[in-house]
Amino acid sequence: MERLKKLRGDIYRCIHCKACQFAYSGEPSRKGPGPHKSTTDGKIVLYEGMLKSCPAGLEFGWEAYNNSGKVWIARAVLEGEIALDENVRDIAMACITCGMCGAQCENQIRTVDIIEALRAAVLEAGVPPLDKHALVEKLTKKDNNPYGGKKEDRMAWVKESGLDESIINKKGAKIAYFVGCTASYRQKN
16 MERLKKLRGD IYRCIHCKAC QFAYSGEPSR KGPGPHKSTT DGKIVLYEGM
66 LKSCPAGLEF GWEAYNNSGK VWIARAVLEG EIALDENVRD IAMACITCGM
116 CGAQCENQIR TVDIIEALRA AVLEAGVPPL DKHALVEKLT KKDNNPYGGK
166 KEDRMAWVKE SGLDESIINK KGAKIAYFVG CTASYRQKN
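Under the numbering used here, the sequence shown is numbered contiguously, ending at residue 204.
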């Protein structure tokens, strides 16, 4: 919860304008979802060139899944209005942390940091992780990779690619390439 508390200033700076839900399409003639009431004269308008952009918001269709909703959930958690439970976990974990919301935010709110802090607070509160996250954690602890690949197969990609195996652990090299788990076990090309 400490991470979330440190972001209190960002959380309270959110005015719920919902700009985080939209992105400019680069096509001014395209009309975004609407109609929306204009903030200047009260007329009903469509946002020109603006399209809904939050993947979680588009997928689930509820305000809570958009960043503006998650920031308000974080605020409610800080104020003790809602408890950290499976519902908060499911909403926080649905975000892919692409950062589109932060790019659109005029108040420069650290949106991804808030979402990650909310996720951490949920787990720190003892709410169990999603089943798929628990599986990845179990495999990573067991096999040192999330794919269940054998340790002795980690460097097989070198031989399979036709590279000279003497490049591995070469002394005095000026450049090191850390392949990581995905390239070692899945995307070997």
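Cβ atoms here follow ideal geometry from the backbone N, Cα and C, with glycine treated the same way.
Keep in mind it's a predicted model, so treat the numbers as computed, not measured.
A contact between stretches requires three or more CB pairs, one per stretch, nearer than 8 angstroms, and the stretch 18-26 fails this requirement with the stretch 95-107. Straight-line measurement puts the Cα of R134 at about 34 angstroms from the Cα of M170. Contact between the stretch 26-39 and the stretch 116-133 is present, with at least three C-beta pairs closer than 8 angstroms.
Between the alpha carbons of V137 and N102 lies a gap of roughly 10 angstroms.
Here I129 is near L19, since their CB atoms are less than 9 angstroms apart. For N82, the enclosing alpha helix (DSSP H) covers residues N82 to L93.
Between the alpha carbons of V127 and Y27 lies a distance of about 15 angstroms.
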